RNA sequence: GUGGCCAUAGCUCAAUGGUAGAGCCCCAGAUUGUGGUUCUGGCUGUUGCGGGUUCGAGUCCCGUUGGCCACCCCA
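In my numbering, the protein residues as written are 11 to 424.
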């Protein structure tokens, strides 16, 4: 039996990695004053069909539940966010700085970096339309990756501005109904031959190509880069007006994060969506917003491809899973004594394990070693003393059994 | 949704159309109170599944399911 296509088993090692990644995400988000929230995994299909971008609707993971309701496993968090914000925004001081780590789903043929299920960190700053919101959000995206051990030689944030393009379209008297279509063509231009794009763009081809070739200047983006530079983050960003993003709802600054090697899919992406919450709440609540999403699959690939990052995460995994003590029951008649200590030591917060049944002493040391225990406590002929052994140095100390807990505490404190 | 490559032990992979194997992992012993090395032994298979060709199929053919890669598309 295998898991369903596009779904993953998380064996202890995988789970440890995922936990380390989530821990990093949470730690960095909290550093920025973002608070965590979440919504339902399952939503009415209606909500998602109406509110999600049309790109997403064709790949919904949907079905009919036993009550006859049409339901969908969430493909993204934004519709839920809009609903929740519209319903509860008055309870919160602005701006809202919210993050979430939803598991999202889509029904689509899987391939590398793209499964039917993934965890996706979402960070949204809601209720502030100033450039300061862009600066803060993009700095957060950068610091999330730095927190995983990735540096400017590993990834780059490409910055763009939809308003720059819509201004251009307006200047060429393009009717607003066609903006989205043209933005899609520009978005796609990087992935298809020039003449094909030119054909689609028609008379706009010349001015658009001039900008894509570096002829465009955006004062807003230059200001944004300058402010990021004040934080020492200039090496992580690059203005690149060819970024438009596929989703229709972006209204201003948009950005995507890529690995420098150019081997992977986008690591993260986001932008400003000032009108979306208003649209999704049918005009009940109008709040400007900017946010981005970062998936665990592609980021996991980047970390594994980056030795420094891989080692950093491995260290987090180790420190989260290390066993403090393994009790070695050398003489079965002292099992009761050891079990008394187990409870006492665990109550004191130590991570403690011991052999459930009789086992040869050598085997017990092997087990302690392979479980990654830092030290062993041996119960044998020395009783009422126990022999404490630090595995890394092989040094042993005899400790009176009743003083073990306080001895360990004193040793940890020094 | 389209195309190419692939599927053998828990894992990584061998095996001219002719008896299905190795390494790793796991378990046990060498070692009855001391771990990372080493040595010995043991366990594990409807060769993804279903048909066909053949005296004989892991191997060739067809179908099917799953995986990888490239398109399409994109969180």
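All C-beta atoms in this analysis are idealised placements derived from N, C-alpha and C, irrespective of residue type, glycine included.
Keep in mind it's a predicted model, so treat the numbers as computed, not measured.
Work out the CA separation of residue j and residue i for me, nearest whole Å.
{"i": "residue 295", "j": "residue 127", "result": "31 Å"}
{"i": "residue 46", "j": "residue 154", "result": "15 Å"}
{"i": "residue 259", "j": "residue 206", "result": "26 Å"}
{"i": "residue 416", "j": "residue 355", "result": "10 Å"}
{"i": "residue 337", "j": "residue 389", "result": "8 Å"}
{"i": "residue 73", "j": "residue 55", "result": "9 Å"}
{"i": "residue 161", "j": "residue 339", "result": "48 Å"}
{"i": "residue 262", "j": "residue 239", "result": "20 Å"}
{"i": "residue 368", "j": "residue 38", "result": "46 Å"}
{"i": "residue 106", "j": "residue 157", "result": "23 Å"}
{"i": "residue 342", "j": "residue 410", "result": "19 Å"}
{"i": "residue 347", "j": "residue 404", "result": "24 Å"}
{"i": "residue 28", "j": "residue 225", "result": "43 Å"}
{"i": "residue 254", "j": "residue 241", "result": "25 Å"}
{"i": "residue 82", "j": "residue 26", "result": "29 Å"}
{"i": "residue 423", "j": "residue 408", "result": "19 Å"}
{"i": "residue 350", "j": "residue 24", "result": "34 Å"}
{"i": "residue 247", "j": "residue 167", "result": "5 Å"}
If you reduce the DSSP assignment to three classes, tell me which class residue i lands in.
{"i": "residue 375", "result": "helix"}
{"i": "residue 280", "result": "strand"}
{"i": "residue 182", "result": "coil"}
{"i": "residue 399", "result": "strand"}
{"i": "residue 248", "result": "strand"}
{"i": "residue 83", "result": "strand"}
{"i": "residue 160", "result": "coil"}
{"i": "residue 107", "result": "strand"}
{"i": "residue 316", "result": "coil"}
{"i": "residue 173", "result": "helix"}
{"i": "residue 52", "result": "strand"}
{"i": "residue 29", "result": "helix"}
{"i": "residue 90", "result": "helix"}
{"i": "residue 124", "result": "strand"}
{"i": "residue 14", "result": "coil"}
{"i": "residue 116", "result": "coil"}
{"i": "residue 405", "result": "strand"}
{"i": "residue 260", "result": "coil"}
{"i": "residue 43", "result": "coil"}
{"i": "residue 148", "result": "helix"}
{"i": "residue 6", "result": "Residue coverage of the chain in this structure runs from 11 to 424, which leaves residue 6 outside it and unanswerable."}
{"i": "residue 70", "result": "coil"}
{"i": "residue 297", "result": "coil"}
Which residue's Cα is closest to the Cα of residue i: the options?
{"i": "residue 427", "options": "166, 162 and 193", "result": "Residue 427 lies beyond the range of the chain shown here (11 to 424); nothing can be said about it."}
{"i": "residue 6", "options": "328, 321 and 360", "result": "No information on residue 6 is available, as it lies outside the stretch 11 to 424 that the chain covers here."}
{"i": "residue 85", "options": "107, 102 and 118", "result": "118"}
{"i": "residue 396", "options": "345, 380 and 98", "result": "345"}
{"i": "residue 250", "options": "25, 220 and 68", "result": "220"}
{"i": "residue 197", "options": "213, 180 and 171", "result": "171"}
{"i": "residue 159", "options": "337, 321, 364 and 102", "result": "321"}
{"i": "residue 282", "options": "365, 139, 236 and 22", "result": "139"}
{"i": "residue 284", "options": "191, 208, 144 and 80", "result": "144"}
{"i": "residue 135", "options": "247, 403, 280 and 70", "result": "280"}
{"i": "residue 379", "options": "393, 366, 399 and 368", "result": "399"}
{"i": "residue 20", "options": "307, 287, 319 and 375", "result": "307"}
{"i": "residue 51", "options": "31, 87 and 326", "result": "87"}
{"i": "residue 110", "options": "372, 302 and 353", "result": "302"}
{"i": "residue 237", "options": "305, 121, 129 and 141", "result": "141"}
{"i": "residue 401", "options": "53, 115, 351 and 382", "result": "382"}
{"i": "residue 60", "options": "120, 289 and 216", "result": "289"}
task: Examine the Cβ distances between the region 263-280 and the region 298-314 and report whether three or more of them are shorter than 8 Å.
output: yes
field: Contact between the region 314-329 and the region 285-302 (3+ Cβ pairs under 8 Å)
entry: no
- prompt: Taking the runs of the beta strand (DSSP E) that are 3 residues or longer, which of them lie wholly in the region 202-227?
  reply: none
- prompt: Per the contact definition of three or more C-beta pairs closer than 8 Å, is the region 182-198 in contact with the region 141-155?
  reply: no
field: Ordered list of beta strand (DSSP E) runs contained in the region 329-387, each at least 3 residues
entry: 335-339
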